[in-house]
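Single-structure report; data block below.
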Amino acid sequence: TDSTDRHLHAWAEVYLPGGGWRGYDPTQGLAVADRHIALVASAFSRYAAPISGSFQQANGAQSTMTYQLTIQGM
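Going by this note's numbering, the first residue of the sequence shown is number 34, and it counts up by one from there.
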(Lines of atoms letter the chains of each structure in order from A; the text may use other names.)
(Lines give C-alpha, C1' and ligand atoms only; values in the text may rest on other atoms or scores of the structure.)
Protein backbone atom coordinates (compact mmCIF):
# COMPACT_ATOMS: atom_id res chain seq x y z
CA THR A 34 0.00 0.00 0.00
CA ASP A 35 1.32 3.41 -0.95
CA SER A 36 1.59 5.75 2.04
CA THR A 37 -0.51 8.34 0.16
CA ASP A 38 -3.52 6.06 0.75
CA ARG A 39 -3.51 6.99 4.45
CA HIS A 40 -4.30 10.71 4.31
CA LEU A 41 -7.35 12.14 6.04
CA HIS A 42 -10.19 12.84 3.62
CA ALA A 43 -13.94 12.53 3.31
CA TRP A 44 -16.26 10.20 1.44
CA ALA A 45 -19.94 10.32 0.61
CA GLU A 46 -22.57 7.85 1.76
CA VAL A 47 -25.97 7.08 0.25
CA TYR A 48 -28.86 5.03 1.56
CA LEU A 49 -30.04 2.30 -0.80
CA PRO A 50 -33.44 0.79 0.05
CA GLY A 51 -32.85 -2.88 0.74
CA GLY A 52 -29.08 -2.34 0.79
CA GLY A 53 -28.57 0.09 3.65
CA TRP A 54 -25.91 2.78 3.81
CA ARG A 55 -23.09 2.52 1.26
CA GLY A 56 -19.99 4.68 1.22
CA TYR A 57 -18.09 5.81 -1.88
CA ASP A 58 -14.62 7.31 -1.75
CA PRO A 59 -14.12 9.67 -4.73
CA THR A 60 -10.50 10.36 -3.74
CA GLN A 61 -9.48 6.76 -4.36
CA GLY A 62 -12.34 5.77 -6.69
CA LEU A 63 -13.43 2.92 -4.42
CA ALA A 64 -16.39 1.72 -2.43
CA VAL A 65 -15.77 2.22 1.30
CA ALA A 66 -14.52 -1.02 2.87
CA ASP A 67 -12.62 -2.26 5.91
CA ARG A 68 -9.57 -0.13 4.98
CA HIS A 69 -11.58 3.04 5.65
CA ILE A 70 -11.76 4.25 9.24
CA ALA A 71 -14.50 6.73 10.15
CA LEU A 72 -13.13 9.21 12.69
CA VAL A 73 -16.16 11.51 12.68
CA ALA A 74 -19.48 11.81 10.87
CA SER A 75 -21.64 14.87 10.28
CA ALA A 76 -24.00 16.28 7.69
CA PHE A 77 -22.04 19.55 7.98
CA SER A 78 -18.30 19.67 7.18
CA ARG A 79 -17.64 22.36 9.81
CA TYR A 80 -18.58 19.85 12.53
CA ALA A 81 -16.27 17.17 11.13
CA ALA A 82 -13.02 19.14 11.25
CA PRO A 83 -10.24 17.35 13.17
CA ILE A 84 -9.48 20.64 14.95
CA SER A 85 -11.09 24.05 15.00
CA GLY A 86 -10.61 27.42 16.66
CA SER A 87 -9.40 30.93 15.99
CA PHE A 88 -6.43 33.17 16.74
CA GLN A 89 -5.86 36.87 16.08
CA GLN A 90 -2.56 38.73 16.10
CA ALA A 91 -1.98 42.29 14.91
CA ASN A 92 1.06 41.52 12.72
CA GLY A 93 -0.07 38.16 11.34
CA ALA A 94 0.72 34.59 12.27
CA GLN A 95 1.84 31.34 10.70
CA SER A 96 0.27 28.01 11.47
CA THR A 97 1.31 24.45 10.77
CA MET A 98 -0.78 21.38 11.49
CA THR A 99 0.50 17.83 11.39
CA TYR A 100 -1.18 14.53 12.07
CA GLN A 101 -0.16 10.92 12.43
CA LEU A 102 -2.39 7.96 11.69
CA THR A 103 -1.26 4.53 12.85
CA ILE A 104 -3.17 1.47 11.70
CA GLN A 105 -2.81 -1.64 13.83
CA GLY A 106 -4.37 -5.00 13.07
CA MET A 107 -6.61 -6.59 15.66
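Every residue gets a Cβ at the ideal spot worked out from N, C-alpha and C, and that includes glycine. A quick note: this is a predicted structure, and the numbers were derived from the prediction, not measured.
Shortest Cα-Cα distance from A81 to any of A71, S96, T97 and A94 involves A71. The Cβ atoms of Y57 and A45 lie closer than 7 Å to each other.
The beta carbon of V47 sits closer than 7 Å to those of R55, all from its chain and outside the five residues before and after it, given in chain order. Under the DSSP definition of a beta bridge, V47 partners with R55.
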